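Heads up, the sequence shown is in our numbering, so the first residue is 19 and it goes up one at a time.
Read through the structure below, which is laid out as structure tokens, and then see the notes.
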Amino acid sequence: MADKRNPNSHQGLLHGIIIRSTVESGKIQHITLPELDSRFVVIAPRDIGGTNRVRALANSMPLLTSSTISYKGQPIIALFGPDNESTRLAARAVTIEYEEPEQEETEAEQAHHSGTPYTYSFGSLEEVTAREGLKILERTYEYGSLGQPTSTLSKITTEYDGQQLYISTPTQWPHHVRDTVSDVTGIPKRRVLVDCQSLHSPYDEMLITPSVYAAITALAAIKGSSTAQLLGVIESRHPEMQVIRKSWYSEDGKVHAEKIKVTVDQGSALFFSDEMANHLIAGLTPIYELDAISISITFTTSNRHPAHFFGDLGYSDSLSSTEAHYNVLSKLSGYNPATWRLKHTGDEHAHALTIKTERSAKLKQLVEEVSQNSDYLRKHAAYEMQAQMKVKLSTFLNYSRGIGLACAAGISGFSSECKQLVQQAVQITLNPNDKVEVNTSLPSDGASAQLWKKIISEELSVEEADISFISDCSQVIDSGPAVLSAAVGCMPYQIKRACDLIKDKRFVQPLPIVESVLSSRQSGPTVALFTSNTWVVIALELEIDTILLEPIVRSIWVSISIPKPQNEQIIYTKARRSIVRALREAGGNLTKRTVPTIEINITSDGEQLTSSIASAVRAAVASAFLSAVEQALGTAITKLPVDGNVILAALKGKS
């Protein structure tokens with residue numbers, strides 16, 4: 019923002035706290051406030067001058083609820099006071115009486131909140147499944163969360179001078195903050211200025227909630243004629259998902275058809291459901307030969323905290339179910355998973371309509387490489403024999419071991435069918451003296467910005483020190499939300515394209531030269547939802563600690579195929595971080611005593627820029643982890659994360 023301010027230096031700063039519901043569902047009967055003097059400001063739904071809704075694409079949720087409670091922790095009112103201590107003491111004196119629903123009403127309400135299924139099909143399922151001699155494998159995979167990861171939100175501060183609102187907040191979507199504040203307060207967008215602070219949001223927790231907090235502080239700043247500030251801890255809940263896969267296969271291991279039914283619990287509000295369905299379809303459709311497939315996806319709401327993005331939109335979870343399922347299919351047909359993949363991976367498959375990938379020859383090379391580096395064939399055979407022994411080896415000596423293998427294609431950004439969101443935009447200006455300005459609302463710090471600078475420096479032959487980013491929010495263009503690895507997966511293509519356009523005009527037209535590039539948006543029956551030029555193959559070996567009931571990951575082997583890395587160290591670091599994160603989310607024990615050996619090999623072949631590998635790595639790790647745990651325990655494991663209850667049930671023969 020051009021006029022950066024320091025609201026903390028102003029006299030009369032209002033410190034806020036949000037009063038939230040303490041029940042999961044019901045209706046508000048009465049709210050009792052303590053006696054408050056003129057130093058305090060209360061924000062309730064009646065103080066909203068615009069709309070009491072927070073919108074994202076076609077969906078919305080209440081900013082403050084005035085009657086119906088949808089989930090525990092839902093904002094009801096906000097209280098602002100002269101200091102944090104006084105505000106918190108006053109907040110403790112607020113009492114809210116609820117009318118909780120009967121059990122029958124709750125169940126009826128839950129059933130009412132199931133939406134129309136999203137569907138995808140390829141081939142004729144009825145014709146294929148009518149063939150004689152086909153065997154059937156049906157499994158249900160469940161995905162949840164070990165806990166509720168939280169991130170402390172930095173201060174959100176809003177100042178109102180009677181004309182303009184000045185908002186300081188960390189956010190992944192600056193223009194959404196501006197639009198939400200404008201809608202809620204009724205102040206025109208041009209008079210809402212947002213200064214984006216640095217942030218760390220591994221679970222995309224800074225996507226929607228900063229807009230909620232900014233709108234509340236804006237209302238307080240206007241009503242109190244002062245600067246308002248809010249501190250908050252943002253919860254990020256993993257969407258709960260159930261995947262039911264039914265596969266028809268023949269004795270030679272070929273899978274002929276699949277019928278997949280998915281149910282996703284997004285909590286109290288549906289956001290990005292259309293786009294999430296595309297990401298799920300991309301992960302559910304196998305990269306292996308298949309004659310027919312039918313996918314049905316249903317999104318439901320519940321009395322839980324909203325759950326939307328969690329690093330991606332379900333691609334990694336859905337893909338991990340696919341890879342784990344095909345590991346089981348390969349063993350049922352007499353193959354080990356590596357050999358089966360080498361036989362049944364081809365370029366003619368249903369996956370071509372969801373993700374346009376590199377040719378399968380590269381994938382097969384990676385499978386062979388990982389198999390050799392990990393000694394996969396020998397270990398898989400040994401652990402299979404151990405699992406099938408009638409007299410088990412002592413589980414107290416940690417002989418329960420397993421090894422899993424999985425493949426994945428890397429994708430990034432929104433799908434080609436995402437029409438409701440503005441196209442991701444970037445503008446590059448070449449000024450005199452080889453000075454370059456970059457205009458984008460995506461974060462301009464960190465590794466992504468360094469990657470952009472390197473591309474511009476190489477393409478335009480300028481010094482990286484002469485490349486700057488526009489910070490005046492009144493001039494910054496809308497590049498959409500900073501999610502789905504768009505900063506490293508999609509933006510580099512756009513920046514290179516803008517540089518190419520500038521080079522065509524350089525030394526021909528006078529400076530400055532300005533070029534803007536929008537993200538590609540094509541759709542049609544022959545256009546894939548995503549494009550990928552990266553392959554990831556992972557083998558993972560673990561053992562079960564039967565005392566602590568925890569999976570201990572021993573070694574991980576990773577092979578990655580990419581076209582042209584701008585910085586191979588960035589790819590390596592990103593892969594390692596994604597592996598560690600995926601292991602934690604899956605239930606793997608990671609301590610100083612149990613740090614696994616991670617071997618990463620990166621092969622580059624081509625001139626294109628690299629699509630993101632983050633979701634692919636997480637998917638492959640989760641799938642390999644699930645398959646390895648299943649082999650180690652000798653029984654079906656279909657639930658992630660794997661915790662002590664899952665392992666104990668398996669050891670007791672109840673899984």
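Here a beta-carbon is modelled for each residue, glycine too, at the ideal position from N, C-alpha and C.
Keep in mind the model is a prediction, meaning the values are calculated, not measured.
Inset, instruction - Say whether the segment 172 to 182 touches the segment 227 to 235, bearing in mind that this needs 3 or more beta-carbon pairs closer than 8 Å, one atom from each stretch. - result: Contact between the segment 172 to 182 and the segment 227 to 235 is present, because at least three Cβ pairs lie under 8 Å.
Legend entry - Three-state secondary structure assigned by DSSP to I305: I305 falls in the coil class under three-state DSSP.
Legend entry - Cβ neighbours of E341 in the same chain (closer than 6 Å, five flanking residues each side left out): The residues A424, S641, in chain order, have a CB closer than 6 Å to that of E341 in the same chain once the five nearest residues on each side in sequence are set aside.
Legend entry - L51 versus T189 - alpha carbon distance: CA-CA distance, L51 to T189, rounds to 32 Å.
Legend entry - Neighbour flag for L601 against chain B, beta carbons, 9 Å: Protein chain content of the structure displayed is limited to a single chain, and chain B is not contained in it.
Legend entry - Beta-carbon proximity of R3 to P324, cut-off 9 Å: In the structure displayed, the chain extends from 19 to 673; residue 3 sits before or after that span and is not available.
Legend entry - D452, DSSP secondary structure in three states: Reduced to three states, the DSSP call for D452 is helix.
Legend entry - Outcome for H130 when other beta-carbon atoms lying within 10 angstroms are tallied against a minimum of 16: The predicted position of H130 is uncertain, since its pLDDT is 45 and thus under 50; a value taken from the coordinates is nonetheless stated next. By the C-beta density criterion, H130 is exposed, having fewer than 16 other C-beta atoms within 10 angstroms.
Inset, instruction - Keeping to the same chain, check which residues put their C-beta closer than 6 Å to that of G624; ignore five residues upstream and five downstream. - result: In its chain, beyond the 5 residues on either side, P581, K582 have a beta carbon closer than 6 Å to the beta carbon of G624.
Legend entry - Euclidean distance between Cα positions of F328 and V112: Rounded to the nearest angstrom, the two C-alpha atoms are 33 Å apart.
Legend entry - Distance between V571 and R157 (C-alpha atoms, nearest Å): Looking at the two C-alpha atoms, the distance is approximately 25 Å.
Legend entry - Test item: CB-CB of A632 and S596 under 9 Å: Their beta carbons are under 9 Å apart, which means A632 touches S596 by this criterion.
Legend entry - Simplified DSSP state of M79, which is helix, strand or coil: Judged by DSSP in its simplified three-state form, M79 adopts strand.
Legend entry - Bounding residues of the beta strand (DSSP E) (the contiguous stretch that carries Q215): Per DSSP, Q215 belongs to the beta strand (DSSP E) from 210 to 215.
Legend entry - Reduced DSSP category for C491 - H, G, I as helix; E, B as strand; rest coil: Three-state result, C491: coil.
Inset, instruction - Put N321 into one of helix, strand or coil per three-state DSSP. - result: Note: N321 maps to coil in three-state DSSP.
Legend entry - Exposed unless 16 or more other CB atoms sit within 10 angstroms - verdict on P528: The residue in question, P528, is exposed, as its Cβ has fewer than 16 Cβ neighbours within 10 Å.
Legend entry - Buried versus exposed, by CB contacts within 10 Å (16 or more), T86: By the 10 Å Cβ count, T86 comes out exposed.
Legend entry - V59 versus K241 - alpha carbon distance: The alpha-carbon atoms of V59 and K241 are separated by roughly 7 Å.
Inset, instruction - Measure from the alpha carbon of S430 to the alpha carbon of each residue in F548, L183, V598, then state which is nearest. - result: Of F548, L183, V598, the residue nearest in Cα terms is F548.
Inset, instruction - Could you tell me which of Y394, A546, Q649, I36 sits nearest to V251, measuring between CA atoms? - result: If we check each option's Cα against that of V251, I36 comes out closest.
Legend entry - Closest by C-alpha distance to R495, when choosing among I473, D518, Q441, I474: The sequence shown places Ile at residue 495, not Arg. That would be Q441, whose Cα lies nearest to the Cα of I495.
Inset, instruction - May I have a chain-ordered list of the alpha helix (DSSP H) segments no shorter than 4 residues that lie completely inside the segment 228 to 316? - result: Those alpha helix (DSSP H) runs which fall completely within the segment 228 to 316 and span 4+ residues are 291 to 302.
Inset, instruction - State buried or exposed for N457, treating a residue as buried only when at least 16 other CB atoms are found within 10 Å of its CB. - result: Burial call: buried.
Inset, instruction - Below 8 Å on the Cβ atoms is my guess for F290 versus L75; work out the distance and round it to an integer in Å. - result: Approximately 6 Å separates the beta-carbon atoms of F290 and L75; this is inside 8 Å, confirming the contact.
Legend entry - Per-residue DSSP class, three states only, for H33: Here H33 sits in strand by DSSP.
Inset, instruction - Mark P569 as exposed unless 16 or more other C-beta atoms lie within 10 angstroms of its C-beta, in which case mark it buried. - result: By the Cβ-count criterion, P569 is buried, with 16 or more other Cβ atoms from all chains shown falling within 10 Å of its own Cβ.
Inset, instruction - Would you be able to state if there are at least three C-beta pairs under 8 Å between the segment 97 to 115 and the segment 62 to 79? - result: Output reads no: the segment 97 to 115 does not touch the segment 62 to 79.
Legend entry - Per-residue burial, M224 [other beta carbons within 10 Å of its own, 16 or more giving buried]: Buried, because 16 or more other Cβ atoms sit within 10 Å of the Cβ of M224.
Legend entry - Distance CB(C517)-CB(E477) smaller than 9 Å: Yes; because the gap between Cβ atoms is below 9 Å, this pair is in contact.
Inset, instruction - Consult DSSP for T458 and reduce its assignment to one of helix, strand or coil. - result: It is coil, neither helix nor strand.
Inset, instruction - Check I114 in the structure and name its three-state DSSP category. - result: I114: strand per DSSP, three-state reduction.
Legend entry - From Q215, G133, L211, T319, residue whose alpha carbon lies closest to that of S43: S43 has its Cα closest to that of T319, out of Q215, G133, L211, T319.
Inset, instruction - Would you tell me roughly how many angstroms separate the C-alpha atoms of G141 and T227, rounded to the nearest one? - result: Looking at the two C-alpha atoms, the distance is approximately 42 Å.
Legend entry - Which of helix, strand or coil DSSP assigns to Y89: Y89 sits in coil when the DSSP states are folded into three classes, being neither helix nor strand.
Legend entry - Cβ separation of I556 and I574, assumed to be a contact under 8 Å, to the nearest whole Å: About 7 Å; that satisfies the 8 Å criterion.
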